[in-house]
Ligand SMILES: [Zn+2]
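In C-alpha cells:
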C-alpha cells in the first residue's frame, strides 16, 4: 500500500490495513531508532499552529528531528502575519513551496480539509476546533495495540466531558471499526456524547454502547479506561458538580478491584481528574502513551513522504 | 377572480406554498429580466388552500437545485405551443454547494472566503444537511 502524498484529515481517511501498516512501522521505529534516523534528511516539516498546543507541536517536531529532518513554522498565529485575515488556502499554497509536509492546528473546524484542497504537499490535521484530532487517535490506537497486543475485542470506558472532547469523538469513531468493541460512556448528563456519534457507531459498526453518570458502575468491567478533562464550568449548577465531582476523580482506591491488565489512558494534560497517587500503578500508561505519540507521528510522516 | 392569459411558450412554476413565490422571484432575479414574468400570490388551491404561481414567458435556465431547497413541493411545467410538454418535480438536492451557510459558528466555511460551504443531504424529512468541512448538521 502506498500512502505517499496522502493527507490525514480524519482518521477514517485511512483503511484499517493502512492504519495497521503505520503501527507496524511505528513499533519498528521504537525498536530500531538508528535505522530511521536519517530517512528524512532533506525533508522539511512546517508546523502551522493557529492556536497554541505545545505538546502536539513538540511531538511532531521531535518526530521529524528523530528522522533527521528539519522544521519550520509558527506556534501561535496571533504573533504572525497570518493573523491579518489571510485565507489558510493562500498560506498553504505558499508554505507548500517551502516545506515537504505540513501539520496544521486551527481553531476553526474544517480548516485542515480546506488547506488540503490547496496544498501540493501532504497536510496533517493537528486538531481543528472540537472536530477531529486524528494523530491523537493514532497515538491512542498504537498504545492499545502495543500494550494489549490487539485493538479488537476490548471493553472501553470513556470518561469525562464527552460532549466537547474532540479526542473522544475521533477515538470512538475509529475504535468502532474494530471487531467486538463495547463502549461505556461515563459523563454527567449534560456532557453526554453527541447523539449523532452514538447513532453512527451503533448503526455503522454494531458497537455496543452503555451510558452512565457513575464511573463506579463500570470501572471493574472494562479493559481500557480513557479519562478526559472535565471542567467545573461545564456543569450547569454547583449541586450537580458537587454530586459528581468525586466520581470523576480517579484515585488508587477506585481502581483496587479493576482488572489487573486494565489500561488507564489520558490524552494529557490532566488537571485533577487523575490523582497523582495513580501514576505509580502499572495500569497507568498515559506518559507512555505520550511517548508512543512521537513514534506514530514519525511513522505517519514517513509514510506520507514516501520514505518507508 | 383574477385571470392572467396563458402563455404560449415558457415555464409555469406551480404549487408554490403561499408566501414562497416572492422568495423564488427574488432568488431567480426575475425582477431584472427583459421578458414577461408574472407572480400570482394567494391563488385558491384545492391541494394547498392557497398557493403562489410564477409564469415566465420565454426560456430561461432554471436552477432546479435551488428551487428544491426553497420549496420541494412545487411543480414546474414546461410550456410549448400553449401546451404543457413536460412536468418536472423538484427534489431536495443530495449535494449542495454554496447555496446556504453552515450553522456551526466554528466552521471554517463561515470565516474563509475560499471555503465554499458544501453539504450532503442526510435526512430528507428533517431537511438535514451535513457539512463537508465540519461534519456538523444544518437544518433548513
Ligand atoms: Zn460546517
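Protein chains in written order, with full-length UniProt numbering: chain A, 1 to 308; chain B, 1 to 140.
Ideal placement from N, C-alpha and C gives every residue a C-beta, glycine not left out.
For residue i, which residues of its own chain have a beta-carbon under 7 Å away from its beta-carbon, when the five flanking residues on both sides are left out?
i	result
residue 126 of chain B	139
residue 47 of chain A	57, 60, 61, 71, 73, 103
residue 273 of chain A	160, 227, 229, 230, 248, 249, 250
residue 202 of chain A	209
Leaving out five residues on either side along the sequence, give the residues of the same chain with a beta carbon under 8 Å from the beta carbon of residue i.
i	result
residue 278 of chain A	250, 251, 252, 255, 264, 284
residue 21 of chain A	1, 3, 303
residue 70 of chain A	43, 44, 45, 64
residue 1 of chain B	Because residue 1 of chain B carries a pLDDT of 47, less than 50, the predicted location of this residue cannot be relied on, and the following value inherits that uncertainty. Excluding positions up to five away in sequence, the list is empty.
residue 65 of chain B	93, 96, 99
residue 69 of chain B	92, 93, 96, 99, 100, 140
residue 16 of chain A	177, 178
residue 197 of chain A	169, 172, 173
residue 39 of chain A	67, 68, 302, 307, 308
residue 106 of chain B	134
Going by DSSP, what residues sit across from residue i in a beta bridge?
i	result
residue 8 of chain B	Answer is none; residue 8 of chain B lacks a bridge partner.
residue 208 of chain A	A:182
residue 86 of chain B	B:78
residue 17 of chain B	B:51
residue 73 of chain A	A:47
residue 265 of chain A	A:226
residue 145 of chain B	Any property of residue 145 of chain B remains undetermined from this structure, which presents chain B solely from 1 to 140.
residue 96 of chain B	B:119
residue 44 of chain B	B:50
residue 29 of chain B	BP columns for residue 29 of chain B are empty, so no partner.
residue 132 of chain A	A:128
residue 284 of chain A	A:264
residue 155 of chain A	A:182
residue 8 of chain A	A:124
residue 164 of chain A	Bridge partners of residue 164 of chain A: none, in fact.
residue 129 of chain B	B:121, B:138
residue 56 of chain B	B:11, B:37
residue 274 of chain A	A:250
Among the options, which one has its Cα closest to the Cα of residue i?
i	options	result
residue 108 of chain B	A:99, A:128, A:95, A:120	A:128
residue 51 of chain B	B:114, B:19, B:66	B:19
residue 177 of chain A	A:14, A:308, A:236, A:8	A:14
residue 326 of chain A	A:292, A:296, A:237, A:231	Past the edges of chain A, shown from 1 to 308, lies residue 326 of chain A, and the structure says nothing about it.
residue 34 of chain A	A:68, A:7, A:301, A:18	A:68
residue 141 of chain A	A:23, A:238, A:179, A:162	A:23
residue 88 of chain A	B:68, B:47, B:113, B:56	B:113
residue 241 of chain A	A:216, A:189, A:227, A:97	A:189
residue 38 of chain B	B:44, B:123, B:30	B:30
residue 186 of chain A	A:226, A:301, A:153	A:226
residue 258 of chain A	A:273, A:99, A:282, A:239	A:282
residue 56 of chain B	B:43, B:72, B:32	B:32
residue 27 of chain B	B:48, B:42, B:71, B:36	B:71
residue 36 of chain B	B:49, B:133, B:12	B:12
residue 245 of chain A	A:260, A:215, A:221, A:220	A:215
residue 192 of chain A	A:213, A:202, A:203	A:213
residue 261 of chain A	A:52, A:66, A:146	A:146
residue 117 of chain A	A:7, A:86, A:238, A:39	A:7
residue 78 of chain A	A:95, A:239, A:52	A:52
residue 292 of chain A	A:19, A:86, A:29	A:29
Which whole-angstrom value describes the C-beta separation of residue i and residue j, a residue pair presumed to lie in contact below a C-beta threshold of 8 Å?
i	j	result
residue 54 of chain B	residue 10 of chain B	About 10 Å; that fails the 8 Å criterion.
residue 104 of chain A	residue 123 of chain A	6 Å
residue 247 of chain A	residue 208 of chain A	The Cβ separation is near 22 Å, so there is no contact.
residue 289 of chain A	residue 139 of chain A	6 Å
residue 223 of chain A	residue 163 of chain A	About 24 Å separates the two Cβ atoms, so there is no contact after all.
residue 270 of chain A	residue 234 of chain A	Residue 270 of chain A to residue 234 of chain A, Cβ: 16 Å. No contact.
residue 16 of chain B	residue 74 of chain B	5 Å
residue 267 of chain A	residue 134 of chain A	No, residue 267 of chain A and residue 134 of chain A are not in contact; Cβ-Cβ is about 13 Å, not under 8 Å.
residue 111 of chain B	residue 108 of chain A	6 Å
residue 166 of chain A	residue 130 of chain A	5 Å
residue 67 of chain B	residue 90 of chain B	5 Å
residue 106 of chain A	residue 36 of chain A	With 8 Å as the limit, residue 106 of chain A and residue 36 of chain A do not qualify as a contact, their Cβ atoms being about 29 Å apart.
For a contact defined as C-beta to C-beta under 8 Å, what are the partners of residue i on chain E?
i	result
residue 137 of chain B	The structure shown contains no chain E; its protein chains are A and B.
Excluding the 5 residues preceding and the 5 following residue i in the sequence, name in chain order all residues of the same chain whose CB lies nearer than 6 Å to its CB.
i	result
residue 56 of chain A	126
residue 113 of chain A	9
residue 25 of chain A	299, 308
residue 144 of chain A	151
residue 45 of chain B	51
residue 294 of chain A	59, 62, 63
residue 8 of chain B	82
residue 218 of chain A	157, 184
residue 99 of chain A	44, 46
residue 40 of chain B	53
Whole runs of the beta strand (DSSP E) within the stretch 193-248 of chain A, excluding any shorter than 3 residues: Correct list: 208-212, 224-227.
Item to complete: Any chance you could list the alpha helix (DSSP H) runs of at least 4 consecutive residues sitting entirely within the stretch 96-120 of chain A, in chain order?
Response: Listed in chain order, they are 111-118.
Which ranges would you report for the beta strand (DSSP E) in the stretch 11-68 of chain A if only whole runs of at least 3 residues count? Secondary structure remark: continuous beta strand (DSSP E) runs of at least 3 residues inside the stretch 11-68 of chain A, in chain order: 44-49.
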